[in-house]
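Numbering (the numbering used here), first residue to last: 678 to 1072.
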């Protein structure tokens, strides 16, 4: 019965228990990072408060550094069923390090399996029979499929090249025992990334390294694969957006007209930075250092939010963080037949009761007879996980 499940929303793990209540499951490791940053902020508080800040030649930078460390972004980016009973695995990332952890959702015990600053780990999938964990290893613009032991040791890359490989899921009873999605990276003559090719669903033999294509064409992205006990392949299909940019004479003329103003603004911001750096005062306003830092941080947050919103719209996600109806959950049976199951799906999971579905803000259950039952609502849901939970996890 899928009366209980986990989901990730805004970088945090949430548990929906059998009683219908939802609680946040905090990461002890992530909390330790926040506590450490808060201690640093308290030790350096005198540098950004009172008269002491006015006499610090580097007051602005000291204050900014302390504030930034006190607000370390700790993001949970993936969850999966664990190796043991009543266990889930999750991956965590900050600006400095990433790691993999196991969590017993009955007694709340947490164990660190892996942490490193050399690369970032995400999109986990555990194989309890083989005591292995498949994952995505990202270092720079590329991402590759890797495996590790159930205890986090012996990390081995399975795929290589200039590509974006992600979404690994195990397939039992088959020579090509790991299914994943892959897209090639497109670069210009200078070597800069300008886009990607359509994503395909592939399978790899983890022993020999041989691979094969399961789903793919030039007009669609196929991603977020999964495999049921019968061997049928599930994934989400959406229209492929070409990275090619068409030339616009009107836009080019506008850019040329605005060029002098943009250069003047850049020069002004250059001198404004040095004024704040060495005097604690801007060239256009008055106020203490903390107020100026708050204004700058607010502008940066708003700018990042606007960029994220535009990017989300480009990928078919609207203002309510719901995906477009073009995002279609499909199934390819073992005999090669492809059928559409649901439209407007951002994340899903297979369960005994049917399909657990999410459009980005709502989670529902699709029963085998096709009827739908809404289970939960939240904002910015990125992943859902159906796990039989009989006892609520400790906070």
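Cβ atoms here follow ideal geometry from the backbone N, Cα and C, with glycine treated the same way.
From a predicted model like this one, the values you see are computed outputs, not experimental measurements.
- Per DSSP, residue 1004 is paired with what? If you number the chain shown from 1, residue 1004 lands on position 327. Paired residue(s): none; residue 1004 is not in a bridge.
- Pick helix, strand or coil for residue 774, following the three-state DSSP scheme. As a first step, residue 774 must be located in the chain shown, where it is residue number 97. Coil at residue 774, not helix or strand.
- Entirely enclosed beta strand (DSSP E) segments - the region 815 to 887, minimum 3 residues: 819 to 826, 840 to 847, 855 to 864, 870 to 873, 877 to 881
- Close beta carbons around residue 760, own chain, < 7 Å, minus the five adjacent residues each side: Taking the chain shown and counting its residues from 1, one reaches residue 760 at position 83. Cβ neighbours of residue 760 beyond the five flanking positions: 803, 805, 808, 827.
- Sorted by chain position, which residues of the same chain lie with C-beta nearer than 6 Å to residue 1053's C-beta, five sequence neighbours on each side aside? In the chain shown, counting from the first residue as 1, residue 1053 sits at position 376. Correct list, in chain order: 693, 1040.
- Task: Would you check if there are 3 or more beta carbon pairs closer than 8 Å linking the region 923 to 943 to the region 896 to 909?
- Result: no
- Item | Reference residue 869; option with closest CA among 950, 778, 819, 698 | By one-based count along the chain shown, residue 869 stands at place 192. The candidate whose alpha carbon is nearest that of residue 869 is 819.
- Using the C-alpha atoms, what's the distance from residue 707 back to residue 816? Taking the chain shown and counting its residues from 1, the one referred to as residue 816 is at position 139. Taking the chain shown and counting its residues from 1, the one referred to as residue 707 is at position 30. The straight-line gap from Cα to Cα measures roughly 21 Å.
- Query: Among 764, 783, 704, which one has its Cα closest to the Cα of residue 771?
  - Reply: On the chain shown, residue 771 is found 94 positions in, with the first residue counted as 1. The residue with the shortest Cα to Cα distance from residue 771 is 704.
- Query: Roughly how many angstroms lie between the CA atoms of residue 1024 and residue 866, to the nearest whole one?
  - Reply: Within the chain shown, numbered from 1, the residue matching residue 1024 stands at position 347. Within the chain shown, numbered from 1, the residue matching residue 866 stands at position 189. Each residue's alpha carbon lies about 36 Å from the other.
- Straight-line CA distance for residue 687 to residue 798? Within the chain shown, residue 687 is the residue found at index 10, counting from 1. Within the chain shown, residue 798 is the residue found at index 121, counting from 1. Taking the straight line joining both Cα atoms gives about 18 Å.
- Check residue 960 in the structure and name its three-state DSSP category. The sequence position of residue 960 within the chain shown is 283, counting from 1. The answer is coil: DSSP assigns residue 960 none of H, G, I, E or B.
- Item | Residues of its chain near residue 812, where Cβ-Cβ distance is below 6 Å and the 5 sequence neighbours each way are ignored | Against the chain shown, residue 812 aligns to sequence position 135. If we look at residue 812 and ignore the five residues flanking it on each side, its Cβ neighbours are 798, 801, 823.
- Task: Can you tell me which of the three DSSP states residue 750 falls into?
- Result: Sequence index remark: in the chain shown, residue 750 carries index 73 (1-based). In the structure shown, residue 750 sits in coil (DSSP, three-state: anything other than H, G, I, E or B).
- Task: Put residue 914 into one of helix, strand or coil per three-state DSSP.
- Result: The residue labelled residue 914 in the question sits at position 237 within the chain shown. Strand at residue 914.
- Query: Does DSSP classify residue 942 as helix, strand or coil?
  - Reply: Residue mapping note: residue 942 aligns to position 265 of the chain shown, counting from 1. Residue state, collapsed to three classes: helix.
- May I ask which residues mark the beginning and end of the beta strand (DSSP E) holding residue 904? Reading the chain shown from its first residue, position 227 is the one you call residue 904. Residue 904 -> beta strand (DSSP E) spans 897 to 904.
- Query: Just curious, the beta strand (DSSP E) that residue 1054 is in, first and last residue?
  - Reply: The residue labelled residue 1054 in the question sits at position 377 within the chain shown. Note, residue 1054: beta strand (DSSP E), 1049 to 1054.
- Task: Quick one: residues in its chain with C-beta nearer than 7 Å to the C-beta of residue 964, no 5 flanking neighbours on either side, listed in chain order?
- Result: Sequence index remark: in the chain shown, residue 964 carries index 287 (1-based). Any reading at residue 964 needs caution, since the residue's pLDDT is 49, under 50, leaving its predicted position unreliable; the model's value is listed next. Closer than 7 Å at Cβ, skipping near neighbours: no residue.
- Message: If you measure between the beta carbons of residue 897 and residue 915, is that distance less than 8 Å?
- Response: Start at 1 with the first residue of the chain shown, and residue 897 comes out as number 220. Start at 1 with the first residue of the chain shown, and residue 915 comes out as number 238. A contact, by the Cβ cut-off of 8 Å.
- How is residue 1023 classed by DSSP in three states: helix, strand or coil? As a first step, residue 1023 must be located in the chain shown, where it is residue number 346. Coil.
- Message: Along the chain, where does the beta strand (DSSP E) containing residue 805 start, and where does it finish?
- Response: If you number the chain shown from 1, residue 805 lands on position 128. Where residue 805 is concerned, there is no enclosing beta strand (DSSP E), given that its DSSP letter is neither H nor E.
- Evaluate residue 698 with the Cβ neighbour count: other Cβ atoms within 10 Å of its Cβ, from every protein chain shown; 16 or more gives buried, anything less gives exposed. On the chain shown, residue 698 is found 21 positions in, with the first residue counted as 1. Residue 698 is exposed by the Cβ-count criterion.
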